[in-house]
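*Asks:* Have a look at this one before I ask anything.
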Amino acid sequence: MLADIDTDDLTEVVRYALETTRATTACPFHRDVVVRIGDDAAESHAFERAKRIVRCDGAEWDKEALRAELGRQLGAAADGRCPKCDPTASCT
Numbered sequence: 028m029l030a031d032i033d034t035d036d037l038t039e040v041v042r043y044a045l046e047t048t049r050a051t052t053a054c055p056f057h058r059d060v061v062v063r064i065g066d067d068a069a070e071s072h073a074f075e076r077a078k079r080i081v082r083c084d085g086a087e088w089d090k091e092a093l094r095a096e097l098g099r100q101l102g103a104a105a106d107g108r109c110p111k112c113d114p115t116a117s118c119t
């Protein structure tokens, strides 16, 4: 729920937008692993959703800051499946 996030925390706002649009999900067995679904429409929707979340003081988020954080979080997410669950993943 939006009421449960800190709207002044850019990382939290973007994570909320990605999760609620189902662009990313947490592995049900490894809650510390975020998995990127790979749905371009969901990722675009996440950006639009994050743009509409305003800070506590009513200010809007800078679009470039949102894009950068969205890219960072998507880049850090595992692609398609959890590497801890995938038996074919290499251990490094």
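When the sequence shown is numbered by my numbering, its final residue is 119 and no position is left out of the sequence of numbers. Backbone N, C-alpha and C fix where the C-beta goes; we use that ideal spot for every residue, glycine too. These numbers come from a predicted model, not from an experiment.
So, with DSSP's three-state summary, where would you put D66?
*Replies:* As a first step, residue 66 is located in the sequence shown; it is residue number 39 there, counting from the start. The answer is coil: DSSP assigns D66 none of H, G, I, E or B.
*Asks:* Nearest-angstrom Cα distance between L37 and T115?
*Replies:* Along the sequence shown, read from residue 1 onward, the residue named residue 37 stands at position 10. Along the sequence shown, read from residue 1 onward, the residue named residue 115 stands at position 88. Each residue's Cα considered, the two are about 34 angstroms apart.
*Asks:* Beta-carbon within less than 7 angstroms of T48's beta-carbon, same chain only, minus the 5 sequence neighbours each way: which residues are those?
*Replies:* Counting from one through the sequence shown, the residue named residue 48 turns up at place 21. Only A69, H72, A73, R76 meet the Cβ criterion.
*Asks:* When you compare only the Cα positions, how much space is there between V61 and E39?
*Replies:* The sequence position of residue 61 within the sequence shown is 34, counting from 1. The sequence position of residue 39 within the sequence shown is 12, counting from 1. The alpha-carbon atoms of V61 and E39 are separated by roughly 14 angstroms.
*Asks:* What do you reckon, are the CB atoms on A50 and I64 nearer than 8 angstroms?
*Replies:* Indexing the sequence shown from 1 puts residue 50 at position 23. Indexing the sequence shown from 1 puts residue 64 at position 37. Taking 8 angstroms as the Cβ cut-off, A50 and I64 qualify as a contacting pair.
*Asks:* Please give the ranges of any beta strand (DSSP E) in the stretch 51–95, keeping only runs that are unbroken, at least 3 residues long and fully inside the region.
*Replies:* 51–53, 61–63
*Asks:* A46: which of Q100, C112, P110 sits nearest, CA to CA?
*Replies:* For the purposes of this step, residue 46 is taken as residue 19 along the sequence shown, with counting starting at 1. One point to set straight first is that residue 46 is Glu, not Ala, in the sequence displayed. Of the listed residues, the one whose Cα sits closest to E46 is Q100.
*Asks:* In whole angstroms, what separates the C-alpha of F56 from that of L97?
*Replies:* Here residue 56 refers to the residue found at position 29 of the sequence shown. Here residue 97 refers to the residue found at position 70 of the sequence shown. Approximately 24 angstroms, taken between the alpha carbons.
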